Each structure stands twice: as C-alpha cells, then as structure tokens.
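Colleague:
In our numbering, the protein residues as written are 44 to 476.
(1) At what residue ranges does the region 371–420 contain a whole run of the beta strand (DSSP E), taking only runs of 3 or more?
(2) Less than 7 Å between the CB of residue 223 and some heavy atom of the ligand ZN, yes or no?
(3) Could you check what DSSP says for residue 61 in three-state terms: helix, strand or coil?
(4) Please check if any C-beta of chain D sits within less than 8 Å of the C-beta of residue 346.
(5) Hey, would you say residue 431 sits closer than 8 Å to residue 470, going by beta carbons?
(6) Could you compute how far the alpha carbon of residue 369 sits from the alpha carbon of residue 333?
(7) Nearest by alpha-carbon distance to residue 164: which of 451, 212, 197 and 147 is it?
(8) Are at least three pairs of beta-carbons, each pair with one atom in the region 259–273 and one in the region 303–310, less than 8 Å apart?
(9) Report the residue from 324, 296 and 197 whose alpha carbon sits nearest the alpha carbon of residue 315.
(10) Determine contact between the region 350–361 and the region 320–332, defined as no fewer than three beta-carbon pairs at a distance below 8 Å.
(11) Identify the continuous alpha helix (DSSP H) that holds residue 101 and give its terminal residues.
(12) Output the distance between the C-alpha atoms of residue 112 and residue 138, rounded to the nearest integer angstrom.
(13) From 441, 465 and 377, pick the residue whose C-alpha is nearest to that of residue 456; which is it?
(14) With burial defined as no fewer than 16 other Cβ atoms inside 10 Å of the residue's Cβ, what is the status of residue 143: buried or exposed?
(15) Can you tell me the Cα-Cα spacing of residue 124 and residue 252, whole angstroms?
(16) CA-CA distance, residue 447 and residue 279?
(17) What span of residues does the beta strand (DSSP E) with residue 233 cover, start to end?
(18) Extract the residue ranges of the beta strand (DSSP E) inside the region 157–237, only unbroken runs of 3 or more that lie entirely within it.
(19) Going by alpha carbons, who is nearest to residue 422 out of 416, 400, 378 and 445?
(20) Between which two residues does the beta strand (DSSP E) containing residue 445 stretch?
(21) Could you name the residues that DSSP lists as bridge partners for residue 333?
(22) Does DSSP put residue 306 in a helix, a strand or coil?
(23) Measure the alpha-carbon distance for residue 122 versus residue 110 and round it to whole angstroms.
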C-alpha cells in the first residue's frame with residue numbers, strides 16, 4: 044500500500060475507516076436480527092381443561108349469590124375470600140345484576156346496558172353508539188334514531204326492545220349524548236338538555252315545551268325514581284315533576300343552597316348554612332331543622348332514613364330527622380358510609396397512631412377503632428367499602444388486603460391478600476330487588 048498517497052490525502056483515510064466500520068457493524072446487526080427458523084404452532088385453541096374449569100366456576104355462581112362482589116375488576120366469593128375470576132367483566136361497571144330467568148348478568152355502564160354470561164363474556168348490548176335512557180323501573184327505554192326520540196318496551200329475557208314507536212318528528216336530537224343529557228324520565232315524558240335548552244318532551248304527543256329551569260344540575264337533586272328535580276332560581280326553591288308541565292315554587296328564606304340529599308322517593312333534605320330543610324313530596328311542604336354550625340355537605344341517609352350527617356369547615360353535625368334534633372360531633376374522618384340503621388364506618392388516614400385506622404360510630408356511642416390500618420379514600424371521596432345488606436356484612440379493602448366483618452364491628456376477618464389497592468367494591472345484586 045502506498046502510504047504516501049494516504050498521508051497526502053488524510054480525508055480518504057477517514058472515509059475509508061467509516062466505510063469499513065459501518066459495514067462491519069451492519070453485518071453484526073444483520074446476523075443477530077435474523078428471524079428464527081419457522082416452527083409450526085402447537086396452539087390448537089383453548090385448553091380443554093381450562094375451558095371446563097371456567098365453565099364449572101361460572102355454573103356455580105348462582106349458588107353463591109349474596110356473597111359475590113367485584114373488588115376492583117376481580118370477582119370474589121366473600122364467604123371464603125376465593126378469587127373466582129380475574130378481570131371478570133373487563134372493566135369496572137356502575138352496577139351489576141344477576142338476571143335469573145336467563146342466567147345472565149345485566150351490567151349498567153356509562154354508555155348503555157350490556158349483558159354478560161356468568162363466565163364474564165359479553166353477549167349483548169343495548170346502546171353504545173346510541174345509548175338509551177330507561178325509566179327507573181326498567182319497563183321503558185328512550186333513545187334517538189335519525190334525530191328523533193323513540194320509545195320501546197323491553198324484553199329483558201330476550202334482551203331486546205319491543206313495541207318500538209317514534210315519539211317526536213323534529214329530527215333535532217343527538218343520539219350519542221341523549222342519555223347523558225336526560226336528567227328526568229317517566230313513561231309519560233322526559234326532560235332533555237338540548238343545545239343549552241331544557242325541553243320537556245311529551246312522549247304521547249311528541250310536543251316540546253321549553254322549561255325555565257337552571258341548566259346546571261347534579262344527580263343529588265334528582266329523586267331516586269328519576270321523576271322530580273329540586274333546585275333554586277332567583278331566590279326561590281323550585282320542585283319540578285316531569286309528569287307536570289310547570290314547576291312548583293317556594294320562597295327561599297334561609298340563604299343559598301349548598302347541598303341536596305334525597306332520603307327516599309318521598310323526602311329530600313336541603314342544606315343552607317345553619318338550616319336543614321326537608322321537602323315532603325306527598326304534602327308539597329318544606330320543614331326546617333336548625334343546625335349548631337354552618338355546613339356545606341350532607342351524607343347519604345342511614346339505612347332506615349332516620350339520620351344524616353352534615354359537614355362544614357368547623358366540624359360535623361349528626362341530625363335525627365325523626366326528633367328534628369341536631370347535635371355536633373367530632374369525627375375527624377375523611378369518608379363516611381352507613382352500615383346499618385344507626386352505625387357508619389369511616390377511615391382516618393392521619394399520622395397520629397392513636398387515631399389512624401378504620402373506625403365505626405354508632406349514634407349515641409363513642410367511636411370504636413376496629414383496625415389500625417385505614418382503608419384508602421380517593422380524591423372524589425370514593426372508597427373500597429361495600430355493604431352486603433341482606434347478610435349484615437360490610438366488606439372493605441386496605442391497600443394490600445380484603446376484609447369483612449359484621450356491621451357491629453365483630454367477626455372482623457382478613458379474607459384475601461391484594462396485589463394492589465382497589466378503588467371500589469360492589470356487590471353483585473339480584474335483579475328486581
């Protein structure tokens with residue numbers, strides 16, 4: 044090799060080195076990345092033993108009803124702590140019902156109603172692209188087709204609409220957002236938020252009437268049977284019944300409303316600072332209970348509807364709706380859930396080891412700590428706690444374990460270890476109860 048030429052033209056040396064190095068590296072990469080020799084797949088479908096095991100577990104579920112609960116997305120037998128199905132329904136639904144006539148599950152999701160087999164496989168859906176709305180008793184569906192509202196009966200066993208009919212003929216309703224914008228419904232009429240207008244739709248005649256009600260509403264203002272909404276406007280309280288064409292108005296003498304809580308279909312608690320008013324649906328009258336401190340929030344009622352808790356920045360108030368008495372209490376908890384007629388569970392996630400943990404409080408008694416480990420509470424105040432009412436059992440989860448106990452705090456038992464925290468626990472309910 045003539046080194047003098049290379050020395051005279053050093054840039055050629057560099058170029059030659061780059062070519063040699065890149066060629067060598069490419070050769071190594073090519074060798075390592077060669078595809079493996081083809082091997083014929085030995086997979087011939089589901090393993091028969093696994094299929095048989097899944098079917099056997101699914102067939103046994105009806106006998107375990109009452110003890111079945113979704114812990115996160117996993118199905119557990121609460122009587123034993125056995126994990127029956129991992130990621131059972133491929134998600135976390137709003138509610139799950141067992142329908143005995145077809146031995147299927149009815150699953151309420153944000154967009155429609157789905158039907159699942161007991162093995163967790165979906166086999167039907169009402170909605171998704173055009174989510175329907177339902178009357179509270181599940182006897183009638185309302186949905187949008189070609190811009191108009193249609194009404195249908197429901198054959199839940201066959202899982203299909205029957206006797207479908209067109210209710211309106213305006214072509215102006217949006218199918219994807221119809222059910223999300225429908226706060227009230229009955230067999231006679233429904234209330235729809237349509238392009239920033241609240242419209243009452245007569246399902247018999249198809250007539251529309253614009254209602255002068257605030258567009259902003261939350262679910263706590265709506266009665267459990269989805270027929271009445273409460274609210275305030277221009278210094279007055281209003282009560283709107285979907286089966287009527289006008290709202291009933293009441294003078295508001297106690298200040299701005301901060302929270303609502305329906306106690307049952309017949310009564311609703313309305314909170315305004317130091318006053319808790321009770322609307323009686325049957326009489327159309329509103330009574331009042333004085334509170335010792337200013338409050339902004341109301342809890343769910345106790346199971347018999349007698350007690351509620353009101354909370355504010357300076358503490359909590361326990362209200363006996365039967366005797367109309369309100370008493371200040373010091374709870375210092377960040378979640379409250381009633382487990383029987385006069386007892387609620389709450390969690391304390393605080394550094395003080397004397398107060399930290401899971402607690403029970405019975406009306407008229409001091410709080411009792413049932414466990415030193417608290418259950419986690421989400422930013423939206425949700426928590427992994429579920430009452431299995433017919434059994435008198437409450438189920439809750441800490442960050443790494445699942446527990447059950449009697450609602451009086453006895454028979455506390457760890458029933459399963461958890462690999463990660465869960466945000467929600469819900470019982471599998473029986474359809475129609």
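All C-beta atoms in this analysis are idealised placements derived from N, C-alpha and C, irrespective of residue type, glycine included.
Just so you know, these numbers come straight off a predicted model, no measurement behind them.
Modeller: Once the coordinates are examined:
(1) For the beta strand (DSSP E) assignment, the uninterrupted runs of no fewer than 3 residues enclosed by the region 371–420 are, from N- to C-terminal side, 379–381, 386–391, 400–405 and 411–414.
(2) The ligand ZN is absent from the structure shown, which contains no ligands of any kind.
(3) Within the chain shown, residue 61 is the residue found at index 18, counting from 1. Because residue 61 carries a pLDDT of 46, less than 50, the predicted location of this residue cannot be relied on, and the following value inherits that uncertainty. Three-state result, residue 61: helix.
(4) No chain D is part of this structure, which consists of one protein chain only.
(5) Locating residue 431 in the chain shown gives position 388, counting from the first residue. Locating residue 470 in the chain shown gives position 427, counting from the first residue. Here residue 431 is near residue 470, since their CB atoms are less than 8 Å apart.
(6) If you number the chain shown from 1, residue 369 lands on position 326. If you number the chain shown from 1, residue 333 lands on position 290. A straight line joining the alpha-carbon of residue 369 with that of residue 333 spans about 7 Å.
(7) If you number the chain shown from 1, residue 164 lands on position 121. The residue with the shortest Cα to Cα distance from residue 164 is 147.
(8) At 8 Å Cβ cutoff, the stretches touch.
(9) Here residue 315 refers to the residue found at position 272 when the chain shown is read from its first residue. That would be 296, whose Cα lies nearest to the Cα of residue 315.
(10) When Cβ pairs closer than 8 Å are counted between the two stretches, the region 350–361 is seen not to touch the region 320–332, the count staying below three.
(11) Counting from one through the chain shown, the residue named residue 101 turns up at place 58. First-last of the alpha helix (DSSP H) with residue 101: 91–102.
(12) For the purposes of this step, residue 112 is taken as residue 69 along the chain shown, with counting starting at 1. For the purposes of this step, residue 138 is taken as residue 95 along the chain shown, with counting starting at 1. Taking C-alpha positions only, residue 112 is separated from residue 138 by approximately 11 Å.
(13) Here the question's residue 456 lines up with position 413 in the chain shown. Considering only 441, 465 and 377, the residue with the shortest C-alpha distance to residue 456 is 441.
(14) Counting from one through the chain shown, the residue named residue 143 turns up at place 100. Looking at its Cβ environment, which holds fewer than 16 other Cβ atoms inside 10 Å, residue 143 is exposed.
(15) Numbered from 1 along the chain shown, position 81 holds the residue referred to as residue 124. Numbered from 1 along the chain shown, position 209 holds the residue referred to as residue 252. Their Cα atoms are separated by approximately 54 Å.
(16) Taking the chain shown and counting its residues from 1, the one referred to as residue 447 is at position 404. Taking the chain shown and counting its residues from 1, the one referred to as residue 279 is at position 236. Their backbone Cα atoms lie some 46 Å apart in a straight line.
(17) Here the question's residue 233 lines up with position 190 in the chain shown. Unbroken beta strand (DSSP E) run through residue 233: 232–236.
(18) If you keep only unbroken beta strand (DSSP E) runs of at least 3 residues inside the region 157–237, you get 165–169, 183–188, 191–198, 203–209 and 232–236.
(19) Taking the chain shown and counting its residues from 1, one reaches residue 422 at position 379. Nearest C-alpha to residue 422: 378.
(20) Sequence index remark: in the chain shown, residue 445 carries index 402 (1-based). Residue 445 -> beta strand (DSSP E) spans 444–449.
(21) Numbered from 1 along the chain shown, position 290 holds the residue referred to as residue 333. Residue 333 pairs with 318.
(22) Counted from its first residue, the chain shown places residue 306 at position 263. In the three-state reduction of the DSSP assignment, residue 306 falls in the strand class.
(23) Residue numbering aside, residue 122 sits at position 79 when the chain shown is read from its first letter. Residue numbering aside, residue 110 sits at position 67 when the chain shown is read from its first letter. Each residue's CA atom was taken as its position, placing residue 122 and residue 110 some 6 Å apart.
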